[in-house]
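Reviewing the structure listed below.
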Amino acid sequence: MKHVLLIAALVFVVAACNLSSKLRGTNNTSSNSNSSSSSESTSTGGEQVEQPNPTAAQTATLEGGQTVKWDQQGITWTLPAHWKKQDVRNESFSYNGNGAFLTVAISVMPSMEDLTDVSIKAMHEGAKTNQKIGKYDQVRWLELDGVRGVGFRESKPEMADDIRRLEWQAYRKYAGSTQLITLILSSDGANFPKHEDELYAILYSTKIVH
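So in my numbering, the last one in the sequence shown is 226, and the numbering has no gaps at all.
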């Protein structure tokens, strides 16, 4: 039975990694991290789960902004007024503004809720490993609107026109199914600092029905 559970957990992790890789391939993300005190949990190995705590500069980027709702999935964001819809479908959502992008995907997972915690912890450990080798410069537990997930940011790319991403992945129960949410905010590496505040502000504005 333990072998079956392990295999199932690995399937969850592989699915998550594959989905994230696909999104990276189709995407065209901020540097300051914002932590806030939060309860520690044994399910995170004692590490803090951060809550959104936007800076004044980040909040300012959404002043006069627009509320955008993904009706099919019950997820809402506040976006700068100039951002435009790119594509919205049942399981994918994308907006962009002046070279910055929000891309979100939903992947319906097998109905094995007891393994989502195993999977999300494996994602976190994998991201921490990538941080050690320099792929990511930030990895953290981040809770958005009551949904705990893994947040990570890619390091500055080698080439200025390569894409740099800010990502968040989490599981939720919705419409009778277990879903993996993969949220990516991005821009090219050269312009990442310019978009940094608005990308974090958008991330922190996420509201999720669950």
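Glycine residues also receive a C-beta, built at the ideal position from the N, C-alpha and C atoms. As the structure is a prediction and not an experimental result, all values here were calculated from the model.
What first and last residue would you give for the alpha helix (DSSP H) that runs through residue i?
i	result
V134	132-148
D213	208-220
Would a C-beta distance cut-off of 8 Å place residue i and residue j closer than the cut-off?
i	j	result
T124	Q195	Sequence check: residue 124 is Val here, not Thr. Result yes, Cβ atoms of V124 and Q195 sit closer than 8 Å.
D204	I179	yes
M139	V120	no
E183	L160	no
P96	G81	yes
T132	S221	no
K144	V155	yes
W99	G90	no
Looking at the strands, I want to know which residues DSSP matches up with residue i.
i	result
T198	A121, Q185
W93	V84
S171	According to DSSP, which records beta bridges pairwise, S171 is partnered with nothing at all.
E66	L158
T165	The sequence given here places Gly at residue 165; Thr does not occur at that position. Looking at the DSSP assignment, G165 forms a beta bridge with L158, A186.
G2	Given a span of 17 to 226 for the chain in the structure shown, any question on residue 2 remains unanswerable.
Just checking my contact of residue i with residue j at CB under 8 Å: how many whole Å lie between their CB atoms?
i	j	result
E174	K151	About 12 Å; that fails the 8 Å criterion.
L201	L118	6 Å
T92	V84	7 Å
P70	A217	6 Å
R188	H226	4 Å
S108	S193	With a Cβ gap of about 16 Å, S108 and S193 do not count as contacting.
The beta strand (DSSP E) that contains residue i, what's its start and end?
i	result
Q74	Looking at the DSSP string, Q74 is not in any beta strand (DSSP E); the run it does join, the alpha helix (DSSP H), is 72-76.
E159	152-160
V104	100-104
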